[in-house]
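First up is the structure itself, then whatever we jot down about it.
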Amino acid sequence: MDRRHSAPAHHPAPVLRVGNASGFYGDRFDAMRDMLTDGPLDILTGDYLAELTMLILGRDRLKNPGLGYAKTFLRQLEECLGLARDRQVRIVANAGGLNPAALADAVRALADRLGVPTRVAHVEGDDLLAHGWGPDVITANAYLGGAGIAECLRAGADVVVTGRVTDAALVTGPAAAHFGWDPGDLDALAGAVVAGHVLECGTQATGGNYALFAGIDARTLRRPGFPLAEIHADGTCVITKHEGTGGLVDVGTVTAQLLYETGGARYAGPDVTARLDTVRLDQDGPDRVRISGVRGEAPPPSLKAGLNRVGGWRNEVVFVLTGLDIEAKARLLQDQLEDALSADRPADVRWELARTEHSDGDTEERASAYLRLVVRDGDPAKVGRAVSGAAVELALASYPGFHVTAPPGKGAPYGVFEAEYVDASAVTHTAVLPDGRRVEIPPAVRTRVLEPLPAAARLPEPWPAGPTRSVPLGLIAGARSGDKGGDANVGVWARSDDAWRWLAHELTVDRFRALLPETAELAVVRDVLPNLRALNFTVRGILGEGVGARARFDPQGKALGEWLRSRYAEIPEALL
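Start counting the sequence shown at 2; every next residue gets the next number (this note's numbering).
Here's what the structure looks like:
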C-alpha cells in the first residue's frame, strides 16, 4: 500500500516525514527494511560516515581506486530498493564516502539487475585530496551542505548518494527541496539542522546509549526503533518513531542527542548556523517530542575539511595482574620492559594501570587488574617485534601470575585526524542529476564569521544554601559525550528545574576539571543552554590526534559523560 504523504511539488504536503536507518557504517543491517515496512515515510536517510570511517575508506581506496564507499549500503538496497520504490520513499545517504560517483553507478547497475526503475543522482566536490596537503594525507574532504541534495531531489531523483556532507545535510536537503526554502530561510533551515542532528545517530534518539536508561522498562530498550522527524514548512518538527517499535522518544532522549558532539551554542554548518540556545522541546504525546523556536544565522564563510593521514605505527600489550601486591607487580614489569626498550625506545611509550581488582575476589577475573602498554613510532620496527619480543621474553622472568589478554602483535599503522578550514568558494559543490547534467551549487552569499556567544545572562536563581550529601552527580543529571577530532564534548542536563538551579551555578569549568582530573591541564570551554537545562563542555585535545590515533583508553570519549555522572559531589539533600 502506498502511504506516501507528499503531494506534487507545487502543493507540498504540510508535513515531510524523514526517517533514519543508519547512524554509522556497521549499524543494524535490517533497519532499512524495518523503516520501510513499519510505517509511512517520505524520505529515508542513512548516515554511514565518521572521521574513522573516512580513514577506513581511504585505506580501501588505496587498495582499489574503484572502492571508497560503504558497501553495506548496496547490500541493503538489494533487499529494499523495490520496497522503497513501491512505497515511493526516496533514499538519501552519504554512503558514497570517497567515491559517490562509483556508488551511484553501482546503484544503477543494481536497479537494472533487479528490474526496478530508479532515478539515481549523486553529490560530489567534497574531495580536496588534490589540494596539496602533503604525501601522508590519504583523505581530505570538505563538509558540504544540503543544497546539492535538494537539487537532485528537485530533479526527480529516487536515490541520492553523497560523499562527505554534514550529517544534518541529509535532512536539510530534502526539507529545502520539499518546502521550497531558499538560502535566506535561516530559521527554517536551522530547524531542519536540529532535526537532522537528532536523527543522525539513529537509535541514540530513541533510548540507545541513554544515561537515564535505568528508569525504563528493559524490554523497551532491547531493540529500539529508529527515529523519524515530521518536519513542517516553518522548520519546526516532531521527533517520533514508528508505532509499535521498541525504545522511547521523550524530552530526555532528544536532549541527550542534541548535546551529542556539539561544540557550543552556535552549531555551524554550510547551510546555516543553528542557535542551540534557542531550541525548545515539549512532550507532544507518547513517543513524540516537538522541537520549536530554533533561530538560524548566516553560515560562516569557510567550510570545515577533515583530513586523515597515516600518523605512524602503534602496538599494545595488556598485562593481567592478579591478587596481592598489584602496584609492586606493575612497577617490576614496567622497570623490566623500560630497560629492554631503552636501546631503541619508541617515540611514545605510555603505561596505564587499571585497578579493576576486587579484594577477596570470588573469581580470578574479579581479583585482577590490567596494565596497558601502548607504544607509537614512525618506524614500524620500533613498535613491532622489538616490543612484542621484549614482552614475551618476560613470561618466566617477571611478576607472579604473568599473563596477557592476547599474544603481542607486530604493530599496525594508525591514523591522525586534522580539521582544516577552507574558503567555501574554493570548493566545487556539484549535484550530478539523474540525467547526467552537472549543476554547480554556489556558496552562500550571506555569511557571518562564527563567534562564541557571550556568557549566558539567563542563568536561573541559585539554589539556596542548605544541608548536602556526597552522592554521584548522575542522581540529578544526565550526560552524553563524544568526539570532535582531538577534542571531546560532554553535555550535561538537569533532570528538573530545581536541579538546574543548582547545576548551572555549581558545575563550573573549575569544578568540571576537579571532577575529571584528566582534563585538569586542558582547555575547557563551557556553554550554557538554558532552554535545555543543559551545560556543554568542550575539552580541547583530550583525544590527542583523533580516534584513529587511539590516544587514550576511551579513544572517542564516548564514556566521559558517564565518568562525570559517577563522580561524587556535594548535592543539596532537597534535590535527592
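Cβ coordinates follow ideal geometry from the N, Cα and C atoms, glycine included. Note that this is a predicted model, so its numbers are computed, not measured.
Which of helix, strand or coil DSSP assigns to L75: helix
Delimiting residues of the beta strand (DSSP E) encompassing P494: The question names Pro, but residue 494 is Trp in the sequence shown. Run containing W494: D488 to A495, per the beta strand (DSSP E) assignment.
Spatial distance of G297 from H198 (CA atoms): 14 Å
Own chain, CB closer than 6 Å to Y268, minus 5 neighbours either side, in chain order: A275 and L277
According to DSSP, residues forming a beta bridge with F538: V491 and R527
Collapsed DSSP secondary structure at I477 in the structure displayed: coil
Whole-Å CB distance - V117 paired with R86, under 8 Å assumed: 5 Å
Cβ shell of G59 (< 6 Å), same chain only, five flanking positions each side left out: I139, T140 and N309
8 Å Cβ cutoff met for D127 and A143: yes
Burial state of E152, where buried means 16 or more other Cβ atoms lie within 10 Å: buried
Residues near G294 in its chain [Cβ-Cβ closer than 7 Å; skip 5 each side]: T279, V280 and R281
Environment of E546 [buried if 16+ CB atoms lie within 10 Å]: buried
Whether Q464 touches R502 by CB criterion (8 Å): Contrary to the premise, residue 464 reads as Trp rather than Gln in this sequence. Their beta carbons are under 8 Å apart, which means W464 touches R502 by this criterion.
Residue burial classification, P225 (beta-carbon count within 10 angstroms, cutoff 16): buried
Buried/exposed call for A8, threshold 16 Cβ in 10 Å: Any reading at A8 needs caution, since the residue's pLDDT is 37, under 50, leaving its predicted position unreliable; the model's value is listed next. A8 should be labelled exposed.
Reference R449; option with closest CA among A257, A480, P381 and G270: G270
C-alpha gap between P414 and Q557, whole angstroms: 18 Å
Anticipated Cβ contact below 8 Å, G149 with H430, distance rounded: 6 Å
For W134, three-class secondary structure by DSSP: coil
contact_flag[the segment 401-415, the segment 309-323] where n(CB pairs < 8 Å) is 3 or more: yes
Rounded C-alpha distance that separates M2 from T163: Because the pLDDT at M2 is just 32, under 50, the model does not fix this residue reliably, and the value given afterwards should be weighed accordingly. The straight-line gap from Cα to Cα measures roughly 29 Å.
At least three beta-carbon pairs within less than 8 Å, the segment 316-335 to the segment 375-395: yes
Residue range of the unbroken beta strand (DSSP E) whose run includes Q284: R281 to Q284
DSSP beta-bridge partners of A505: DSSP lists no partner for A505.
C-beta contact flag for V472 and I572 at 8 Å: yes
Cut-off 7 Å between Cβ atoms - residues of its own chain near A51, not counting five sequence neighbours on either side: F25
DSSP beta-bridge partners of N309: T140 and F418
Cβ neighbour criterion (16 or more within 10 Å) applied to G19: Inspection of the sequence shows that residue 19 is occupied by Val rather than by Gly. The residue is buried, with at least 16 neighbouring Cβ atoms inside 10 Å.
Contact under 8 Å by Cβ, V321 with S389: no
Sufficient close CB pairs (3 or more, under 8 Å) joining the segment 521-538 to the segment 487-497: yes
Stretch-stretch touch, CB-based, cutoff 8 Å, three pairs: the segment 250-259 with the segment 163-178: no
Straight-line Cα distance separating A107 from A524: 46 Å
Start and end residues, alpha helix (DSSP H) containing E358: Run containing E358: none; DSSP gives neither H nor E here.
Contact under 8 Å by Cβ, P347 with K383: yes
Beta-carbon separation (whole angstroms), A432 vs P444, contact threshold 8 Å: About 14 Å; that fails the 8 Å criterion.
A191 vs V90 beta-carbon contact at 8 Å: no
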